[in-house]
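See structure below.
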Amino acid sequence: MTSSFEVNPYPARLSDAERDRALKVLRDGVAMGRLSHDTFIRRMELALAARRSDELVALTADLPKENRLSRVVFGSVEAVSGFTVRLRRAWQAERLPKLLLPHPGTEQALRIGRDPVNGLRLTHESVSRVHAELTRQGGMWVLRDLGSTNGTTVNGRRVIGAAVVREGDQVSFGNIAFRLSVN
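Position one of the sequence shown corresponds to residue 2 (the numbering used here), numbered consecutively onward.
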């Protein structure tokens with residue numbers, strides 16, 4: 002008796018942990034100067050859309066694998082050099098108004114800007130009419146600048162294209178700043 006079902010050798014979807022590991026390798030690659038920002042953004046988009054593990058492997062194959070020594074060295078340098086930035090950010094974080102992330106089941110993008118049709122309307126002159134967009138992709142929040150005049154930043158770094166954001170991150174649209182929160 003023959004079966005009419007095909008057996009798929011690949012899992013139905015990648016785990017968030019597999020995707021997170023690939024995104025970490027890509028972030029480390031851009032931090033070490035191995036990837037340009039444009040290449041990083043494109044590979045990040047491909048990683049978020051990947052359906053199989055071999056697709057993630059192909060995106061990180063040309064990047065060096067992290068070894069224990071490099072993790073210790075880069076981690077130590079990062080910890081020392083970023084201390085004052087983290088201290089300042091922590092001091093200011095509680096003073097910032099919260100920006101609630103949309104409910105995870107929401108698949109529609111949240112547009113941010115001065116125009117009344119945006120889901121989040123900010124009426125400050127430093128905010129463009131259609132400034133930025135927040136979407137949920139592959140279990141992660143992605144903030145995309147939409148060609149705004151005064152820029153979008155995440156934790157003090159300007160967003161060129163898109164950036165993955167998390168609860169607690171500080172985001173600004175022009176001169177208006179928020180701390181991301183889930184409640």
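No residue lacks a Cβ here, since even glycine has one placed at the ideal position from N, Cα and C.
This one's a predicted model, so the numbers in the text were calculated from it and none came from an experiment.
Quiz item: Starting from E126 and walking both ways along the beta strand (DSSP E), at which residues does that stretch end?
Solution: Note, E126: premise wrong, no beta strand (DSSP E); not H, not E.
Self-check item: Reference M33, options V78, N184, R145 and R167, closest by Cα
Solution: V78
Self-check item: Coarse secondary structure for V118, derived from DSSP in three states
Solution: coil
Exercise. Alpha carbon to alpha carbon, how far is L97 from M45? Give it in angstroms, no decimals.
Key: 29 Å
Practice problem: Would you give the residue range spanned by the beta strand (DSSP E) that R35 belongs to? | Solution: Premise fails: R35 is in no beta strand (DSSP E) and is neither H nor E.
Quiz item: Which residues bound the alpha helix (DSSP H) around V155?
Solution: No alpha helix (DSSP H) contains V155, which is instead part of the beta strand (DSSP E) from T153 to V155.
Self-check item: Integer Cβ distance of L123 from L181, believed to fall under 8 Å
Solution: Contact doesn't hold; Cβ gap of about 15 Å is too wide.
Self-check item: Residues sharing a beta bridge with L159, DSSP
Solution: As written in the sequence, residue 159 is Arg, which differs from the Leu given in the question. For R159, which the question treats as bridged, DSSP gives the partners T154.
Practice problem: Just confirm the distance between the C-beta atoms of I113 and H132, as a whole number of angstroms; I'd bet it's less than 8 Å. | Solution: 5 Å
Quiz item: To the nearest angstrom, how far is it from the Cα of L144 to the Cα of S173?
Solution: 11 Å
Quiz item: In whole angstroms, what is the alpha-carbon distance linking N184 and V26?
Solution: 30 Å
Quiz item: Which residue comes first and which comes last in the beta strand (DSSP E) that contains V143?
Solution: M141 to D146
Exercise. Can you tell me which of the three DSSP states A164 falls into?
Key: strand
Quiz item: A23 and A59: beta carbons closer than 7 Å?
Solution: no
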